[in-house]
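For reference, the structure discussed in these notes is given below.
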Amino acid sequence: MNKKLIHNLTYYCLFIVMSGLLYSCDNSRTSIEVTSPDATKKMVFLEGENNNDVSFSVFYNQNEVIQSSVLELMSEELNFKGTVTVDNIETTSVNTTWTSRFNELSTIPDHYNQIKIYLKQGDAKVNIIARAYNEGVALAYEIPEQGNLTEIDLNENMHYNFDNDYELWSTPKREKGVLTAQGEYKKIPISALQEGAERPLVIEINDTVKIALAEARLVDYGRMSFNKGTTSPYSIVSTLDGKMGEQKQDTITGAVISERKNDGAKVHKTLPFQSPWRVVMMGNSHGELLEHNYLIQNLNPPSEIADDSWITPGKVLRETTLTTQGGMAAIDFVASHNMQYVHFDAGWYGNEMDNASDATTITLDPKRSKGPFDIEAITKYATEKGVKVMLYVNRLALENKLDEVLPVLKKWGVSGIKYGFVRVGDQDATAWMHKAVKKAAEYEMVLDIHDEYRPTGFSRTYPNLLTQEGIRGDEETVPNAHTLITMFTRSLAGAADNTVCYYNSRVDKMGSHASQLAKTVCIFSPLQFLYWYDKAPSAPIKDDGLWGDTRTIGNEPELEFFNAVPTTWDETKVLRADIGELGIIARRKGNDWFVGGINGVTPHDVTLDFSFLEEGASYKAKVYTDDETANTRTQVKIEEKDITNQSKLNLSIDSNNGFAMHITKE
Numbered sequence: 001m002n003k004k005l006i007h008n009l010t011y012y013c014l015f016i017v018m019s020g021l022l023y024s025c026d027n028s029r030t031s032i033e034v035t036s037p038d039a040t041k042k043m044v045f046l047e048g049e050n051n052n053d054v055s056f057s058v059f060y061n062q063n064e065v066i067q068s069s070v071l072e073l074m075s076e077e078l079n080f081k082g083t084v085t086v087d088n089i090e091t092t093s094v095n096t097t098w099t100s101r102f103n104e105l106s107t108i109p110d111h112y113n114q115i116k117i118y119l120k121q122g123d124a125k126v127n128i129i130a131r132a133y134n135e136g137v138a139l140a141y142e143i144p145e146q147g148n149l150t151e152i153d154l155n156e157n158m159h160y161n162f163d164n165d166y167e168l169w170s171t172p173k174r175e176k177g178v179l180t181a182q183g184e185y186k187k188i189p190i191s192a193l194q195e196g197a198e199r200p201l202v203i204e205i206n207d208t209v210k211i212a213l214a215e216a217r218l219v220d221y222g223r224m225s226f227n228k229g230t231t232s233p234y235s236i237v238s239t240l241d242g243k244m245g246e247q248k249q250d251t252i253t254g255a256v257i258s259e260r261k262n263d264g265a266k267v268h269k270t271l272p273f274q275s276p277w278r279v280v281m282m283g284n285s286h287g288e289l290l291e292h293n294y295l296i297q298n299l300n301p302p303s304e305i306a307d308d309s310w311i312t313p314g315k316v317l318r319e320t321t322l323t324t325q326g327g328m329a330a331i332d333f334v335a336s337h338n339m340q341y342v343h344f345d346a347g348w349y350g351n352e353m354d355n356a357s358d359a360t361t362i363t364l365d366p367k368r369s370k371g372p373f374d375i376e377a378i379t380k381y382a383t384e385k386g387v388k389v390m391l392y393v394n395r396l397a398l399e400n401k402l403d404e405v406l407p408v409l410k411k412w413g414v415s416g417i418k419y420g421f422v423r424v425g426d427q428d429a430t431a432w433m434h435k436a437v438k439k440a441a442e443y444e445m446v447l448d449i450h451d452e453y454r455p456t457g458f459s460r461t462y463p464n465l466l467t468q469e470g471i472r473g474d475e476e477t478v479p480n481a482h483t484l485i486t487m488f489t490r491s492l493a494g495a496a497d498n499t500v501c502y503y504n505s506r507v508d509k510m511g512s513h514a515s516q517l518a519k520t521v522c523i524f525s526p527l528q529f530l531y532w533y534d535k536a537p538s539a540p541i542k543d544d545g546l547w548g549d550t551r552t553i554g555n556e557p558e559l560e561f562f563n564a565v566p567t568t569w570d571e572t573k574v575l576r577a578d579i580g581e582l583g584i585i586a587r588r589k590g591n592d593w594f595v596g597g598i599n600g601v602t603p604h605d606v607t608l609d610f611s612f613l614e615e616g617a618s619y620k621a622k623v624y625t626d627d628e629t630a631n632t633r634t635q636v637k638i639e640e641k642d643i644t645n646q647s648k649l650n651l652s653i654d655s656n657n658g659f660a661m662h663i664t665k666e
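Note that UniProt numbering has the sequence shown beginning at 1, numbered continuously upward.
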């Protein structure tokens, strides 16, 4: 499309329909549309009356769910103020699938229409790339080479406007020392939103329309977060995190504390570059949003790891005595309970909060262990037993010595690392983190990134990043009601390491033992930590107060569920999604189905419909429920039932209880 034609669009009305894309105009301004393959989702650009704005709106089933909104870019090197004109438009349609051993689905659809709009805003060239999927829409911008510029400093604000004060689910206000990504969610109106709300940000438009504002492909940029906006009565603004000042680490919580630069440029980039994706996930329910959360990974490039056979998802037991005896005991337990990893937590290389601690050495923190701790003997024994070993390393010991630490761990026979208390937010922290994931892949190390990091789909490109925290999990003694919020907010971003507890006394405060079983199904994590505060039966006693209420893992019959449950899946179906109240998820691995149900404060009578099972097949279901009459310390009842896809099962679930099911095909 040439410039003369674009100029003439001011005077003539032109309609072009191609691959789900519509280009139209009126007498005052052009507008450009991109529509999803199923025609239910749509983005419209440059529709407003202000010719100086890069404007967009979002439609779901012909209804405008996000009113005319604005992408605002600021730079000293480029002037983004002035009239917006269109130089060219390119369209693309993609309809494919990709496969994965590490996700909630084994075959993932990737179907979208894309439009690339070559704009000039003021004196600056900027290209808008928009995709419309059946699962939602996404927008990124590209700053091409122009003039004599080779690099620029840039800031970005995205102003989302709404027609009502809709309720949303928000993390706490971002303040010094506050862990927002691990914070408590609350349901508030748009008008009450405060600085630093995490993504994805779930907004309830009405009973049949739920959306989530999210971010994808964040690898070398400032993190996006949300605040109440000012461009309309009900607006949300997304901003980028500024550069951190001097960084200190809270020696109790581990939180990285620093002042941030909130003014001026937030990123420094070499031209040309593309921004991360700004995503609007859309569905008719919270359950549909969760079932379609692969949208975030679809906005990332395919895997860069040609042979990923060394990447092993699985279940993990944390060993806290940091002794050779404890390690051997943990390995024996893991090997006999269909688990895959033993993880050794902080203290094996000294005080993790001390910059002088060296993760290329075994230098035990005397507050954590008196030893001995022979890591090479432990990994040798683990290999003989078919078990893998992971080690925790605080970011203080990683950031300046990653190239030294990784080869030493590889030499010791270590298969994975938990990166602890990582920095997040500014461009430098983001870039280092994702380079560290790539570097770990070179040494065939799987990763679990802990604390404030939240995923944006990078695990598709580097699947050795199996999981991450960024969740208010069991370490925080989270009640079932909050877990039921997490399931349909935080989990939209991807895998979440919830650190499932079982025997610890906090289970009674959070919910029940059956609901703990259910968490392994309800909260997806390819590395699933079980028995977080518990120890293997033959491990030494550790009673130093550092690890909470440590108890010995027993032999209760329901542990067979933990033994059997996988950590990655072929198929996922949300059967019930009452956010904060009741959640039921069914997942399939091969011919087996696993169902997890978690209940909040209010008792519920539930009728389970098994129509998701194969028609004509017969199944055996083991049902695990809470029962005060069960004569075990965990009080979980086990029942067996014959079912088909025509069956229905009635369950009465008490306050803060849950249930789990293992369904096998006969």
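Cβ coordinates follow ideal geometry from the N, Cα and C atoms, glycine included.
Nonlocal neighbours in the same chain, by C-beta distance under 6 Å from residue i, ignoring five residues either side
i	result
I523	A496 and N498
V34	L21, M43, N113, I115, A130 and A132
S28	With a pLDDT of only 43 at S28, under 50, the local geometry of the prediction cannot be trusted, and the value read off the model is given with reservation. Closer than 6 Å at the Cβ level, and outside the excluded window around S28, lies no residue.
A431	D220
I585	V521, C522, V574 and G596
N157	E72, V237 and T239
L649	L608
V623	E639 and M661
Cβ distance (whole Å) where residue i is taken to contact residue j below 8 Å
i	j	result
Y234	I203	Between I203 and Y234 the Cβ distance is about 10 Å, and since that is not below 8 Å, they are no contact.
E452	L179	6 Å
D474	M510	7 Å
Y419	R395	6 Å
D53	G82	In fact, because the Cβ distance is near 11 Å, the residues do not count as touching under 8 Å.
V86	Y60	The pair is not a contact, with the Cβ atoms about 25 Å apart (cut-off 8 Å).
T456	S525	Contact doesn't hold; Cβ gap of about 16 Å is too wide.
V279	I331	Not really, about 42 Å apart at Cβ, beyond 8 Å.
DSSP bridge partner residues for residue i (one or two, in chain order)
i	result
N127	Y118 and E142
W593	R588 and I663
K41	Y60
Y160	I236
F561	For F561, which the question treats as bridged, DSSP gives no partner whatsoever.
I598	G583 and G658
S93	N113
E404	E404 is not bridged to any residue.
V280	V137 and L213
E72	N157
K573	A586
Inter-residue Cα distance where the pair is residue i and residue j
i	j	result
V500	Q516	7 Å
E198	E469	13 Å
V478	N656	11 Å
S275	L391	34 Å
L651	K269	56 Å
E77	L149	8 Å
K315	N338	8 Å
Y341	L317	6 Å
T552	D345	18 Å
I378	E640	40 Å
R472	A481	12 Å
E319	D654	34 Å
Cβ-based neighbour list, residue i, same chain, cut-off 7 Å, excluding 5 preceding and 5 following
i	result
E145	L271 and P272
W98	I108, D110 and P302
P540	T321, T323, Q325 and G326
P172	V178, T180, G183 and E184
E151	H268, K269, T270 and L271
G283	K210, L289 and H292
P566	K589
P372	T323 and T324
S505	D549
Cβ-based neighbour list, residue i, same chain, cut-off 8 Å, excluding 5 preceding and 5 following
i	result
S68	E47, G48, S55, F56, S57 and N161
D642	S618, Y619, K620 and A621
N464	I305, D308, I311, V437, A440, A441, E444, M445, V446 and L447
G264	D153, N155 and G242
S75	A124, I152, D153, L154, N155 and A265
So within the region 287-328, which uninterrupted beta strand (DSSP E) runs reach at least 3 residues, ignoring any that extend past its ends? Qualifying beta strand (DSSP E) stretches, in chain order: 314-319.
Can you check the region 454-542 for any beta strand (DSSP E) of at least 3 residues that lies completely inside it and give the ranges in chain order? Within the region 454-542, the runs of beta strand (DSSP E) that reach at least 3 residues and sit entirely inside it are, in chain order, 465-468 and 527-530.
Quick one: which unbroken beta strand (DSSP E) runs of 3-plus residues sit fully inside the region 145-222? Chain order, please. Runs found: 151-161, 167-170, 186-189, 201-206 and 209-216.
Unbroken beta strand (DSSP E) runs of length 3 or more, entirely within the region 349-401: which are they? The qualifying runs are 388-394.
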